[in-house]
Amino acid sequence: MTRPLALAALLLALPLPVQAETAPQCAPRDAVMAALAEQYGEARQALGLAANNAVVEVHANPETGTWTITGTLPSGVTCLIASGEAWQSVNESLIPGEGT
């Protein structure tokens, strides 16, 4: 089973809150975080706040290279946004006068 299909199957097995029943890629945050940690060994690497007040997080396993991006709504429901392989951490900054 491919990674996205495995995540989708896992989340379909989780109990969904009423507001997320039409979105099978969503579940309570604690359940999603536990699944990412237990099944893929992924831990949070970065986070930010989106314009809609959703917390966007990047989770990754540096050893296997798997990664997942999640969005958590103010209601506490977390949805999978994207996932993939070949994760690489970088620490880049703009050089003054180059790019914007």
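Using mature numbering (1 follows the signal peptide of the UniProt record, and there is no 0), the letters of the sequence shown correspond one by one to residues -20 to -1, 1 to 80.
All C-beta atoms in this analysis are idealised placements derived from N, C-alpha and C, irrespective of residue type, glycine included.
Problem set entry | Secondary structure of alanine 62, DSSP reduced to three states | Against the sequence shown, residue 62 aligns to sequence position 82. Here alanine 62 sits in strand by DSSP.
For this session: Using a threshold of 8 Å, state whether the C-beta atoms of leucine 53 and glutamate 37 are closer than that.
Result: Here residue 53 refers to the residue found at position 73 when the sequence shown is read from its first residue. Here residue 37 refers to the residue found at position 57 when the sequence shown is read from its first residue. Cβ atoms of leucine 53 and glutamate 37: not closer than 8 Å.
Problem set entry | Distance CB(glutamine 5)-CB(leucine 60) smaller than 8 Å | What you label residue 5 is simply residue 25 of the sequence shown in a count that begins at 1. What you label residue 60 is simply residue 80 of the sequence shown in a count that begins at 1. Taking 8 Å as the Cβ cut-off, glutamine 5 and leucine 60 qualify as a contacting pair.
For this session: Check valine 12 in the structure and name its three-state DSSP category.
Result: Within the sequence shown, the letter at position 32 stands for residue 12. If DSSP states are grouped into helix, strand and coil, valine 12 belongs with the helices.
Exercise. Whose CA, out of Asp10, Asn71, Arg9, lies closest to the CA of glutamine 25?
Worked result: Looking up residue 25 in the sequence shown gives position 45. Looking at the Cα atoms, Asn71 is the closest of the given residues.
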